C-alpha cells in the first residue's frame, strides 16, 4: 500500500500490515483504504495506491469522491481530490493470524466505543433496547489513548462486557500532523466504520449494523464530513455493495442533541447501569485539561443536561483558561455562526456558572436580548422533556 504520487517519488510512504502493528485478519480492502486516507490527510497527498482490487461493483470514481468529501474538512490544510489506483492480485504481506474468528459468527452489530460521552451513551442505549453489540475500541496512537483505554476498561468492567481492542500504529503521523489538523484526525470515523465492517465480514448474519454515535447537531450538516447522514448513507452503500450483505451504518441519536442525551442519561441510565458521564473521557490531551475545545464542549453539554461540575473537573472550562470562549465562541455567536442548540446550550451553561465565569462572560450574558432569554427557557424544557426511543 502506498500514499503519495502514483508514480513513486521520494515523498511516497510505503506501509504494510507488519509496520502498522495490526492483526492482518481485519486488514481488508476498506480498512487499508481508510488507513491510507488518514495518512493522505496528514501527508497532504491525493495519491493512494492499494495492493488489492475491489469488486467490479465498486465505482472507483464515486469512491474517490466520497474519500475526498470525508477529508475535505473545514480545517483541512489543502483541498483534496483523492485518486485511487489498485494493483491486481498483489499478495498480502501477512496471511496468517492467530485470532479466532469463530467468535464473530453471530455478531450482528459493532459499536465504535472510545470511552467518550457519545459512545458510552450508545452502549447504554443498546443495553436498554436489548440490542446485542460488540464494542470496538481502536488504539491508533491518538494523543489521549491512555485515558481512553482506562475509561473503556472502567465502563466495560462495570457493565461486565468485554470489548474488542484493536491497535494500529499511526502515532508518528498523528504527532507530526496534529497542528495542521487542529486535533482532528482526518478520516477517523471512516477508519472506525471500515474496521467495524471488516469484523462483520465474519458474521453469518445477512443484515448487520455499525453504530457510530453521532448526535443530531452533528449529523444535520454535511460540513460535519464524517458524521453527516450523507457520510453514513454512502459508507453503508459501499460496504453493502462489496459484501453482498446489508450493512447499515448509523447512529441511534440522529434525532437528539448531546445535551438531550445527557439529560436522559441522568434521569434514566445512571441509576440503572451505575455509569456516570463522569466515568467517560473527552479531552484532546487525555487528562481533562479544561483548556481544549473538547473539554469546553463537554462541560457545556453536561451543564445544559443537568449536571454540576463542582468537584468533578480539575479545571472548569467555563472559567475560560485558554481564552476559547472569549476569542472563538463569543465571536462565532455574535456573527451568527453557531447552531441554535449549541448557542442556547452554551448560554444555559454560562447561566449555571455565573459565580465563576470571567467578567466579560458575565457582560455577555447580561446583554442578551429578552427574545434570546425566552429561547433559552424553551430550550431548557426541550432538554428536560426528551424521551429517547
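Residue numbers (the working numbering): 315 to 703. The C-beta atom is built at its ideal place from N, Cα and C for all residues, glycine as well. Bear in mind that the values here come from a model prediction, so they are computed numbers and not experimental data.
Own chain residues within Cβ distance below 8 Å of residue i, not counting five before or after
i: residue 432; result: 527, 528, 529, 567, 572 and 575
i: residue 579; result: 435, 438, 591 and 619
i: residue 335; result: For residue 335, the pLDDT reaches just 49, beneath the cut-off of 50, and the residue's location in the model is therefore unreliable, although a value from the coordinates is still provided. Excluding positions up to five away in sequence, the list reads 481, 482 and 483.
i: residue 492; result: 457
i: residue 351; result: 362, 381, 384, 385, 396, 500, 501, 504 and 505
i: residue 391; result: 358, 494 and 495
i: residue 393; result: 386
i: residue 517; result: 418, 419, 420, 421 and 422
i: residue 670; result: 630, 632 and 633
Three-way DSSP call (helix, strand, coil) for residue i in this model
i: residue 497; result: coil
i: residue 657; result: helix
i: residue 349; result: helix
i: residue 673; result: helix
i: residue 367; result: coil
i: residue 523; result: strand
i: residue 561; result: strand
i: residue 608; result: helix
i: residue 516; result: coil
i: residue 511; result: helix
i: residue 634; result: coil
i: residue 335; result: Low confidence applies here, because residue 335 scores a pLDDT of 49, under 50, leaving its location unreliable and the question unanswered by this model.
i: residue 491; result: helix
i: residue 681; result: coil
i: residue 484; result: coil
i: residue 624; result: coil
i: residue 554; result: helix
i: residue 342; result: coil
i: residue 686; result: helix
i: residue 663; result: helix
i: residue 696; result: helix
i: residue 547; result: helix
i: residue 593; result: helix
i: residue 668; result: coil
i: residue 601; result: coil
i: residue 649; result: coil
i: residue 539; result: coil
i: residue 588; result: coil
i: residue 703; result: coil
Contacting residues, own chain, Cβ-Cβ under 7 Å from residue i (five flanking each side not counted)
i: residue 383; result: 539
i: residue 476; result: 470
i: residue 660; result: 614 and 643
i: residue 674; result: 640
i: residue 404; result: Only weak support is given to the placement of residue 404: the predicted model assigns it a pLDDT of 46, under 50, and the value that follows is read from those uncertain coordinates. Correct list, in chain order: 365 and 366.
i: residue 569; result: 530
i: residue 550; result: 561, 562 and 563
i: residue 541; result: 503, 528, 532 and 533
i: residue 520; result: 559 and 560
i: residue 658; result: 689, 690 and 693
i: residue 427; result: 433, 437, 449, 450, 451, 466 and 477
i: residue 487; result: 353 and 356
i: residue 515; result: 342 and 557
Contact test: residue i Cβ vs the ligand COA heavy atom, cutoff 6 Å
i: residue 439; result: Summarising the ligand content, the structure contains no ligands, and the ligand COA is consequently not present.
Identity of the residues DSSP links to residue i by a beta bridge
i: residue 567; result: 529
i: residue 361; result: 397
i: residue 478; result: 450
Beta-carbon proximity list for residue i, same chain, < 6 Å, skipping 5 on both sides
i: residue 479; result: 451
i: residue 400; result: 364 and 367
i: residue 447; result: 423, 425 and 440
i: residue 410; result: Its pLDDT being 47, under 50, residue 410 is placed unreliably in this model, and the value from its coordinates should be taken loosely. No residues qualify anywhere along the chain.
i: residue 442; result: none
i: residue 546; result: 563 and 564
i: residue 543; result: 533
Proximity test, Cβ basis, 7 Å: residue i and chain C
i: residue 492; result: Reference to chain C is not applicable here, since this structure consists of a single protein chain.
Residue ranges of each beta strand (DSSP E) within the stretch 374-460, 3 or longer: 397-400, 423-426 and 448-453
Specify whether the stretch 459-466 and the stretch 345-352 touch according to this definition: at least 3 beta carbon pairs, one from each stretch, less than 8 Å apart. no
Check whether the stretch 480-490 touches the stretch 438-455, counting contact only when three or more Cβ pairs, one atom from each stretch, lie closer than 8 Å. yes
On the three-pair Cβ rule with 8 Å, is the stretch 508-522 touching the stretch 418-432? yes
Pairing CB atoms from the stretch 644-662 with CB atoms from the stretch 598-608, are three or more of them under 8 Å? no
Would you call the stretch 427-444 and the stretch 591-606 in contact, with 3 or more CB pairs under 8 Å? yes
Would you be able to state if there are at least three C-beta pairs under 8 Å between the stretch 537-556 and the stretch 369-376? yes
Using 8 Å as the threshold, is the stretch 659-670 in touch with the stretch 621-635, meaning 3 or more CB pairs across them? yes
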